[in-house]
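If you read the sequences in order, they're chains A and B.
One point on numbering: in my numbering, the residue at position 84 of the first sequence is 84, and numbering is uninterrupted.
Each number in my numbering comes from the position in the second sequence (counting from 1) with 1000 added on.
For every residue, glycine included, the Cβ atom is placed at its ideal position computed from N, Cα and C.
Predicted model, so just to flag it, every value in this text is computed and none were measured.
Inspection log for the structure reproduced underneath, given as structure tokens.
2 protein chains.
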Amino acid sequence: MSRPRSKQPSGAPGAAQHGAVPATANGPWQRVGRRVAYQNPWLTVWHDDVIRPDGAPGIYGVVHFANRAIGILALDEEDRVLLVGQHRYPLDTYSWEIPEGGGGPDESALEAARRELAEETGFRAGSWRELGRAALSNSVTDELAIFFIATDLQSGAAAPEGTEALQTRWVPFAEALAMTLDGRIDDALSILAIQREALERAAAAPSP
Amino acid sequence: MSRPRSKQPSGAPGAAQHGAVPATANGPWQRVGRRVAYQNPWLTVWHDDVIRPDGAPGIYGVVHFANRAIGILALDEEDRVLLVGQHRYPLDTYSWEIPEGGGGPDESALEAARRELAEETGFRAGSWRELGRAALSNSVTDELAIFFIATDLQSGAAAPEGTEALQTRWVPFAEALAMTLDGRIDDALSILAIQREALERAAAAPSP
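In structure tokens:
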């Protein structure tokens, strides 16, 4: 398939019967079978046999994330944004972003945010507010992003994981916003947080 | 691992040797082996054996997307936004979004955008401009989103795929923006496009 945009019939008649689960409704879809195709500590791939909305048999590969994607827009008293730089393996590129990490099922999003900010940067924040949420790629994954604004910062010792070779830098908020507009920041979660905050400031500004 | 946030050593000494590929640098990481763990027409999962930035052996599961995620912010002459409603299987929820679809390797992003808008909604647009790009989930996937603004619309016959049970509605731009802020729109690509346009309008507005 040169342009595999749709879910085509999966073929073999017996294929829909593996997994031995009754058909499960998923909106206008039906799941008639599921197998775990891949699993690691961060993600599980389910390969589902489905009946599509048009009634034809098909497949759906779902990438299930173990963690929520937690992002922190940390602002100091000079209204500068804390950015973290690291190499992103899936894209093989260096990326400047807000501090981010995975929030596990045994902690709240806020607890995860506090922990990730402290681990990656050493900073603690006296004031936290949830800015927003988003489903990052909802045609394939169930990954949910939750992003916070953190102020009243106090520095401390960072404790990054062995996988994290991080740099940090401070940029004025207006510069961080400009970076999201010209591509110097292209990480979706970072853009969502910075642009959300920019819109809230614009809405709060006095009208002409 | 209750909170698998880091890439732990993969264990068996022989594991790093499968795939028979020389070590490949990926920033401060090294890939010493790769196998295709799962593949369907939309995504490939690579399970890589790696040397982490701290020198320890580990794994990296990468979700490689066959297509770019293309989004279209379509505005009519009354400054209303065209929204598409559909059930999103991975989240098992209904979602209102801008028109979106997969852009394949054999077409430009703009060609894909034109095609997706026409297929999903029947609309053609006389004027197109790229609004922005984003890496949707760069710690796990290589999925790239590219989003356009489309104006000077002409209606026609839609030709959705069999997987797409779509509704459409028009909402005033200000309402669409409000939906991205209160969670009625939570799809990241839709939020990125609508909020980007809102920021560009705010920047263009006369100063008080």
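Here T1151 (chain B) carries a strand assignment [DSSP, helix/strand/coil].
Secondary structure of E1111 (chain B) (DSSP, three-state): helix.
If you check the CB distance, E1130 (chain B) and F1065 (chain B) do not come in under 7 Å. Rounded to whole angstroms, the separation of the alpha carbons of G126 (chain A) and A1109 (chain B) is 44 Å. For the region 19-41 of chain A, residues whose beta-carbon sits nearer than 7 Å to a beta-carbon of chain B comprise N26, G27, P28, W29, A37, Y38, N40, P41. The alpha-carbon of F173 (chain A) is positioned some 46 Å away from that of R34 (chain A). At a cut-off of 7 Å between beta carbons, V1063 (chain B) contacts chain A. At least 7 Å separates the beta-carbon of A159 (chain A) from that of E100 (chain A).
Minimum Cα-Cα distance from Y1060 (chain B) among the listed residues A:W42, A:A188, A:D79, A:F147 corresponds to A:W42. In the DSSP assignment, I1072 (chain B) falls within the beta strand (DSSP E) that extends over 1068-1074. Counting every other CB atom within 10 Å of its CB across the protein chains shown gives E1077 (chain B) a total below 16, marking it as exposed. E1197 (chain B) is outside the set of residues whose beta carbon lies under 7 Å from a beta carbon in chain A. When DSSP assignments are scanned along the region 84-131 of chain A, the uninterrupted stretches of alpha helix (DSSP H) that are 4 or more residues long and fall wholly within it turn out to be 109-121.
Proximity of chain B to G183 (chain A) at the Cβ level (cut-off 7 Å) is accounted for by R1133, in chain order.
When the beta-carbon positions are compared, I1191 (chain B) and A134 (chain A) come within less than 7 Å of each other.
Beta-bridge pairing by DSSP links Q1039 (chain B) to B:T1044. Taking the Cα of Q1167 (chain B) as reference, the smallest distance to any Cα among B:P1105, B:G1122, B:E1200 is reached at B:G1122. Proximity of E1175 (chain B) to chain A, defined by a Cβ-Cβ separation below 7 Å, is not satisfied.
Bounds of the alpha helix (DSSP H) holding A176 (chain A) are 173-182. By the neighbour-count criterion, in which a residue is buried when 16 or more other Cβ atoms sit within 10 angstroms of its Cβ, V1036 (chain B) is exposed. With contacts defined by Cβ atoms closer than 7 Å, G1132 (chain B) and R1196 (chain B) form a contacting pair.
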